[in-house]
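Numbering (numbering that gives the first Met the number 0), first residue to last: 0 to 129. Here a beta-carbon is modelled for each residue, glycine too, at the ideal position from N, C-alpha and C. Down below is the structure, laid out as structure tokens.
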Amino acid sequence: MTSIKSHIVIVDDDESVCRAMERLVRSMGMTAETYTSSEDFLAQMESLKTFQLDCVILDIQMPGMNGIELQQRLRLIDKDIPVIFITAYDDRIDKDRAIAGGAVAVLRKPCNDALILRTLATALERDGAA
Numbered sequence: 000m001t002s003i004k005s006h007i008v009i010v011d012d013d014e015s016v017c018r019a020m021e022r023l024v025r026s027m028g029m030t031a032e033t034y035t036s037s038e039d040f041l042a043q044m045e046s047l048k049t050f051q052l053d054c055v056i057l058d059i060q061m062p063g064m065n066g067i068e069l070q071q072r073l074r075l076i077d078k079d080i081p082v083i084f085i086t087a088y089d090d091r092i093d094k095d096r097a098i099a100g101g102a103v104a105v106l107r108k109p110c111n112d113a114l115i116l117r118t119l120a121t122a123l124e125r126d127g128a129a
């Protein structure tokens, strides 16, 4: 799928979702990092002088800072970072807010692996990382 080793960040408060998404991303030859909270991810970003990433996969509903709020923070850092949302909830307002904020897609959990990979390929092509 990609000729460049893409770096994907996954933020989801469910550790099993993080592990499954990380395995899927790595199976395609990409690197992946997982975080179980928005705050942990932002702290890691802020602690590094450079933080390279090609796409972020976010859960919408998380304790503390939710995925929509994290998307807004990321847009202040780099408005071009592709964001894919995954959510167990079918909330039209959250979906509309995510898309209005520039999300590539909002996928419903449980997600089909092939759909995730197609969506990730679309996000990376849009970003020029593919």
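### Query
When the distance is taken between beta carbons, is T35 closer than 9 Å to I7?
Within the sequence shown, numbered from 1, the residue matching residue 7 stands at position 8. Within the sequence shown, numbered from 1, the residue matching residue 35 stands at position 36. Result no, Cβ atoms of I7 and T35 do not sit closer than 9 Å.
### Query
Does DSSP put S2 in a helix, a strand or coil?
Taking the sequence shown and counting its residues from 1, the one referred to as residue 2 is at position 3. Note that S2 scores 45 on pLDDT, short of 50, meaning its location in the model is unreliable; the coordinates nonetheless yield the value given after this. Coil at S2, not helix or strand.
### Query
Cβ of I67 within 9 Å of Cβ of R107?
The sequence position of residue 67 within the sequence shown is 68, counting from 1. The sequence position of residue 107 within the sequence shown is 108, counting from 1. Cβ atoms of I67 and R107: not closer than 9 Å.
### Task
Could you say which of L119, D13, F84, Q43 lies nearest to P99 if we only look at CA atoms?
Walking along the sequence shown from the start, residue 99 turns up at place 100. One point to set straight first is that residue 99 is Ala, not Pro, in the sequence displayed. Per the Cα distances, F84.
### Message
Assuming D58 and D93 are in contact, meaning their beta carbons sit under 8 Å apart, how far apart are those beta carbons, in whole angstroms?
### Response
As a first step, residue 58 is located in the sequence shown; it is residue number 59 there, counting from the start. As a first step, residue 93 is located in the sequence shown; it is residue number 94 there, counting from the start. 11 Å between Cβ atoms; not a contact.
### Query
Enumerated in chain order, which unbroken segments of the alpha helix (DSSP H) with a length of 4 residues or greater are wholly contained in the region 51-106?
66-76, 91-99
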